[in-house]
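Undergrad: Under the numbering used here, the first residue of the sequence shown carries the number 62, and numbering increases by one thereafter. For every residue, glycine included, the Cβ atom is placed at its ideal position computed from N, Cα and C.
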Amino acid sequence: EFVASGSRFRIYLVKDSWIISFLLSSINCPRAERRIPLSNNSQQQKIEASEPFGAEALNFSKEHFLQRDVFIEVESVDRGGNFIGRLTTADGQSAALMLV
Numbered sequence: 062e063f064v065a066s067g068s069r070f071r072i073y074l075v076k077d078s079w080i081i082s083f084l085l086s087s088i089n090c091p092r093a094e095r096r097i098p099l100s101n102n103s104q105q106q107k108i109e110a111s112e113p114f115g116a117e118a119l120n121f122s123k124e125h126f127l128q129r130d131v132f133i134e135v136e137s138v139d140r141g142g143n144f145i146g147r148l149t150t151a152d153g154q155s156a157a158l159m160l161v
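1) Helix, strand or coil for GLY142 per DSSP?
2) How is the alpha helix (DSSP H) around LEU160 delimited, first residue to last?
3) Is there at least one Cβ from chain B nearer than 8 Å to GLN154's Cβ?
4) Decide yes or no for the touch test of the stretch 96 to 106 against the stretch 69 to 77: beta carbon pairs closer than 8 Å, at least 3 of them.
5) What alpha helix (DSSP H) runs, 4 residues minimum, are completely inside the stretch 99 to 137?
6) Using C-beta distances below 7 Å, list every residue in its chain close to ASN172, excluding the 5 sequence neighbours before and after it, in chain order.
7) Does DSSP put ARG147 in a helix, in a strand, or in coil?
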């Protein structure tokens, strides 16, 4: 569905017709540049600079995982309701290992 960063995804679960927020366990990717609204009614935005290799991690995840069939194994859920676990491609490759 959506790639927020190299290790954060919004995933559509076909079997249950759910969309979940999913984080890769055991890896923390640097953030890419992002735009943050200054207020609810304002068109003005603050641009938060990218961390080193943040854009590369985001683009890699988009190229390899976005709109692809993947398998997830949920290990836990954080306080914000994000699912945390392992993501594997259809050919059996670990997303975390591919990003390292």
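TA: Per the coordinate set shown:
1) coil
2) 156 to 160
3) In summary, chain B is missing from the structure at hand, where a single protein chain is found.
4) no
5) 115 to 126
6) This structure cannot settle anything about residue 172, because the visible part of the chain is limited to 62 through 161.
7) strand
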